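Following: one structure in structure tokens, then a few remarks.
There are 2 protein chains.
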Amino acid sequence: MNGISLIPVTGIGEVQDGDIIAELIAAATTLEEGDVVVVTQKIVSKAEGRVEAIDPDDPLAHKAIVEREAVRVVRRRGDLLITETAHGFICANAGIDLSNMASGWAALLPVDADRSARRIRDGLKARTGLSVGVIVSDTFGRTWRKGVTDVAIGCAGVAAVIDLRGTEDALGRELQVTEVCVADELTAAAELVMGKASGVPVAIVRGVDPSWLREGSVADEIIRPPSEDLFR
Amino acid sequence: MNGISLIPVTGIGEVQDGDIIAELIAAATTLEEGDVVVVTQKIVSKAEGRVEAIDPDDPLAHKAIVEREAVRVVRRRGDLLITETAHGFICANAGIDLSNMASGWAALLPVDADRSARRIRDGLKARTGLSVGVIVSDTFGRTWRKGVTDVAIGCAGVAAVIDLRGTEDALGRELQVTEVCVADELTAAAELVMGKASGVPVAIVRGVDPSWLREGSVADEIIRPPSEDLFR
Chain F
142 MNGISLIPVT GIGEVQDGDI IAELIAAATT LEEGDVVVVT QKIVSKAEGR VEAIDPDDPL
202 AHKAIVEREA VRVVRRRGDL LITETAHGFI CANAGIDLSN MASGWAALLP VDADRSARRI
262 RDGLKARTGL SVGVIVSDTF GRTWRKGVTD VAIGCAGVAA VIDLRGTEDA LGRELQVTEV
322 CVADELTAAA ELVMGKASGV PVAIVRGVDP SWLREGSVAD EIIRPPSEDL FR
Chain L
142 MNGISLIPVT GIGEVQDGDI IAELIAAATT LEEGDVVVVT QKIVSKAEGR VEAIDPDDPL
202 AHKAIVEREA VRVVRRRGDL LITETAHGFI CANAGIDLSN MASGWAALLP VDADRSARRI
262 RDGLKARTGL SVGVIVSDTF GRTWRKGVTD VAIGCAGVAA VIDLRGTEDA LGRELQVTEV
322 CVADELTAAA ELVMGKASGV PVAIVRGVDP SWLREGSVAD EIIRPPSEDL FR
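Chains as they are written, first to last, in the numbering used here: chain F, 142 to 373; chain L, 142 to 373.
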């Protein structure tokens, strides 16, 4: 297998309600067939108008939106709310945050980030003729491990989870670990060239295994149904 | 910021008890100053003799080792045990698995994977004169999200968690999300060129932010103390 390149896309600028993300990406960089394009949730939410005015002087304004958007509070300690969202994500503060937002505005999660990803993929296909995978990323905490990492909240044209069942390991023994969440690994990789502070909202992962470039869905493949869940 | 390259290291071959991992890596590839070298736990455990014979015809043999190595069972359902290890990791089956092992052998986790990483880093420095970061990786499941991803269980010469407190976002607002687990993101990225089935046990991440190349420790920086934990 050859190597993979992680390439930051700069020059996207401030995104506004109604902007077409695929147009901004196509103008800012040159894609190649089979690229995976990772786009941060923040600019997707802005382009889709998923922002809400809040009173910057009211310390409870953010919390009020969190309580409204969460379908369930899984854990609560002090100001920290671990919530389940309507999408089935379990994350802090219903995924709503204020960083990289103008004062007085909060960004909500996209209504359906798989659909957001499909829209960007289709737009890139229409403009460039290229088939690429698209992932919408967000920053989540984890149980038991400190520090946040970026994960996929939506995808299109790229697998969320690949199933290695029936595959043998290097010694010819059938693999025990069979389902790998490549979408989250691609997203974590992309974050390495984005950074939280540098305002690079898009990165390209170039050189991925072509077999991963199939239809994919975070909602269908990654969200663990409550019935299979041991921790909620 | 420039891009990052993910480079698989092939030709390591089967690793035996007593092998010096740094020697094998230095012979198989050409490193550059500031590279981060990600090494799978499986070959570290083999080189350190952290393997144990099990009866391949006894379906409970694996489970017996898991029960012995776990300091606590966090959740149990059917054959699945979510365990806390002596290191403080919470993972399935105390991190013990049989894939990429000869029949009749199980691999245990290294006693101290930060130390394993320091040993590899020192060995690479001695052989090549280069300062590199080293991460020991393993494959863990996650709460709430299906599919496994690779995470760091030890590191040396590279930060586990970077703290962005006091950093401003692209709009000049102080960041809310401040601690990013770059070690886990580097590890997930490396897995993209390793694969579970292809038997590539080492990958290089080239071009990382030089400020990440400091002393680091998974035990000190990533393991969340039980007192701060909401899910055990």
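Glycine is no exception: its CB is placed at the ideal position from the N, C-alpha and C atoms. Since this is a predicted model, take the numbers as computed values, not measurements.
Which of helix, strand or coil DSSP assigns to residue i
i	result
L:Leu-305	coil
F:Thr-269	helix
L:Gly-236	helix
L:Gly-274	strand
F:Val-116	Past the boundaries of the shown model lies residue 116 of chain F; chain F is included only from 142 to 373, so the question cannot be answered.
L:Asp-361	helix
F:Glu-164	helix
L:Val-180	strand
L:Glu-155	coil
L:Asp-310	coil
F:Glu-369	helix
L:Gly-264	helix
Cβ separation of residue i and residue j, assumed to be a contact under 8 Å, to the nearest whole Å
i	j	result
L:Glu-193	L:Ala-233	With a Cβ gap of about 18 Å, L:Glu-193 and L:Ala-233 do not count as contacting.
L:Ala-360	L:Asp-263	No, L:Ala-360 and L:Asp-263 are not in contact; Cβ-Cβ is about 18 Å, not under 8 Å.
L:Ile-206	L:Ile-223	Actually they do not touch by this definition, with Cβ atoms about 16 Å apart.
F:Leu-147	F:Val-273	About 15 Å; that fails the 8 Å criterion.
L:Gly-175	L:Val-349	7 Å
L:Glu-326	F:Ala-330	7 Å
F:Ala-344	F:Pro-149	5 Å
F:Ala-324	F:Val-299	7 Å
F:Asp-158	F:Gly-190	4 Å
L:Val-334	F:Gly-144	6 Å
F:Ile-231	F:Arg-373	7 Å
L:Asp-310	F:Trp-285	In fact, because the Cβ distance is near 27 Å, the residues do not count as touching under 8 Å.
7 Å CB neighbourhood of residue i in its chain, flanking five on each side removed
i	result
L:Thr-328	Val-179, Ile-276, Ser-278, Asp-291, Val-292 and Ala-293
F:Ala-167	Leu-265, Arg-268 and Thr-269
F:Arg-259	Ala-297
L:Pro-351	Gly-175
F:Leu-239	His-203 and Ala-247
F:Pro-367	Arg-373
Cut-off 6 Å between Cβ atoms - residues of its own chain near residue i, not counting five sequence neighbours on either side
i	result
L:Ser-257	Val-185, Pro-251, Val-277 and Gly-295
F:Ala-202	Ile-195 and Asp-196
F:Glu-332	Asp-291
L:Pro-342	Ile-153, Thr-181 and Ile-184
F:Leu-271	Leu-172 and Glu-174
F:Arg-216	Ile-223
F:Glu-362	Ala-301 and Val-302
F:Phe-281	Cys-232 and Val-292
F:Gly-357	Cys-296, Val-299, Ala-300 and Ala-301
Own chain residues within Cβ distance below 8 Å of residue i, not counting five before or after
i	result
F:His-228	Leu-250, Asp-253, Ala-254, Ile-294, Ala-360 and Ile-364
F:Ile-237	His-203, Ile-206, Val-207, Glu-210, Ala-247, Ala-248, Leu-249 and Leu-250
L:Ala-188	Val-156, Gln-157, Asp-158, Gly-159, Asp-160, Ile-161 and Ile-162
DSSP bridge partner residues for residue i (one or two, in chain order)
i	result
F:Pro-149	F:Ala-344
F:Cys-296	F:Ile-276
L:Phe-281	L:Thr-290
L:Ala-247	L:Glu-193
F:Ile-231	F:Glu-225
F:Val-323	Its beta-bridge partners do not exist; DSSP assigns none.
Along the chain, which unbroken stretches of the beta strand (DSSP E) at least 3 residues long are found entirely within the segment 328–355 of chain L? 343–347
Any alpha helix (DSSP H) of 4 or more consecutive residues that is wholly inside the segment 190–229 of chain L: 202–210
In chain order, what residues of the segment 286–298 of chain L put their CB closer than 8 Å to some CB of chain A? No chain A appears in the structure shown, which is made up of the protein chains F and L.
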